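Asks: Here it is, the structure in full.
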Amino acid sequence: MGETQFLSTKQGRRLAYHQTKGRGPCIVFLGGLKSDMEGTKAVFLEEWAQNQGRAFLRFDYSGHGESSGEFTDGCIGDWAEDTVAAVTALTDGPIIPVGSSMGGWQALLLARTQPERIAGLVTIAAAPDFTEDGYMASFTDAQKQTLAQEGQVELPSDYMEPYIITQRLIDDGRAQLVLRAPLHLPFPVRFLQGTADTAVSVATAVRLLEHATGPDMQLRLIKDADHRFSDGPCLGLILEALSDVMGESHE
Numbered sequence: 001m002g003e004t005q006f007l008s009t010k011q012g013r014r015l016a017y018h019q020t021k022g023r024g025p026c027i028v029f030l031g032g033l034k035s036d037m038e039g040t041k042a043v044f045l046e047e048w049a050q051n052q053g054r055a056f057l058r059f060d061y062s063g064h065g066e067s068s069g070e071f072t073d074g075c076i077g078d079w080a081e082d083t084v085a086a087v088t089a090l091t092d093g094p095i096i097p098v099g100s101s102m103g104g105w106q107a108l109l110l111a112r113t114q115p116e117r118i119a120g121l122v123t124i125a126a127a128p129d130f131t132e133d134g135y136m137a138s139f140t141d142a143q144k145q146t147l148a149q150e151g152q153v154e155l156p157s158d159y160m161e162p163y164i165i166t167q168r169l170i171d172d173g174r175a176q177l178v179l180r181a182p183l184h185l186p187f188p189v190r191f192l193q194g195t196a197d198t199a200v201s202v203a204t205a206v207r208l209l210e211h212a213t214g215p216d217m218q219l220r221l222i223k224d225a226d227h228r229f230s231d232g233p234c235l236g237l238i239l240e241a242l243s244d245v246m247g248e249s250h251e
């Protein structure tokens, strides 16, 4: 697997990453909120890429995993800057982002700003605009008051310690929304979504499919798959989607 390497960005952040050299397009894994590059999907895809002789990149956003910074200091825009920095410094030529949950939002932001770099796109339980449509839309009046007065609110998590949601995360999220303006994806796109996902709804996946425009876009619903989307069959479906956007048969 190799030792973790680090990239210094112009914003003064130190991003941890693992890079596999190989033939392109380079597959870039974009993880979820408070996730890291050691997750099941990221490591599985790296091993697959290495076996296939393909270029692959996984990294930690600032405030995540081995990268510098605190999670509570970050926001969607900061992590978008991290993504651009990693892609710009560590990849050449066409790329295929694979975005999981919040990483799906990051993949869409990247596609909006650098469509010429993208050869195809795969998302897994993509969570675009979740700061607005998930958090703010569901906050009680008491939570909104706590957020306004204290600058943050604590939310329980099914997967780890509670999330600390800051006012900065909410405010910056409003500047990064992708479902309120045209979103053209001029390359093959595959959205994967489990029907048993309690973090991202099927309705969100359908909304993204209906909102985005592009010549080759599909949503695949997987019955009873949850938000982790990382058991054997789900990992196989990710590989199928990757092969699909690359125009190759599944190896």
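The numbering of the sequence shown is full-length UniProt numbering, which starts it at 1 and goes up by one.
In this text, a Cβ means the ideal position worked out from N, Cα and C, and glycines have one as well.
All figures in this text were calculated on a predicted structure; none of them were measured in a lab.
1. Beta carbon of Gly63, beta carbon of Ala175: below 8 angstroms?
2. Would you decide whether Gly173 is buried or exposed? Buried here means 16 or more other CB atoms lie within 10 Å of its CB.
3. Please state whether DSSP places Met102 in a helix, a strand or coil.
4. Might you give, ordered along the chain, the residues of its own chain that have their beta carbon closer than 8 angstroms to the beta carbon of Asp60, omitting 5 neighbours on each side?
5. Could you tell me if Gly236 is buried or exposed, where buried requires 16 or more neighbouring beta carbons within 10 angstroms of its beta carbon?
6. What residue does the alpha helix (DSSP H) around His211 start on, and which one ends it?
7. Considering only residues of the same chain and omitting the five flanking positions on each side of Leu179, which have a CB-CB separation below 8 angstroms?
8. According to DSSP, which residues form a beta bridge with residue 256?
9. Quick one: complete beta strand (DSSP E) runs, 3+ long, within the stretch 144 to 197?
10. Taking the alpha carbon of Gly12 as the reference point, which residue from Thr195, Ala85, Gly2 and Ile164 has its own alpha carbon closest?
Replies: A quick look at the data gives this:
1. In this structure, Gly63 keeps its C-beta atom at 8 angstroms or more from the C-beta atom of Ala175.
2. Taking all protein chains shown into account, Gly173 has 16 or more neighbouring C-beta atoms within 10 Å of its C-beta and is therefore buried.
3. DSSP places Met102 in helix when its eight states are reduced to three.
4. These residues qualify, in order along the chain: Leu15, Ala16, Tyr17, Gly31, Asp36, Met37, Glu66 and Ser67.
5. Per the 10 Å Cβ criterion, exposed.
6. DSSP places His211 in the uninterrupted alpha helix (DSSP H) bounded by Val202 to His211.
7. Excluding sequence neighbours, Leu179 sits near Pro128, Asp129, Asp133, Arg207, Leu208 and His211.
8. Any property of residue 256 remains undetermined from this structure, which presents the chain solely from 1 to 251.
9. Within the stretch 144 to 197, the complete beta strand (DSSP E) segments of 3 residues or longer fall at 152 to 155, 163 to 166 and 189 to 194, listed in chain order.
10. Selected option, being the one with the closest Cα: Ala85.
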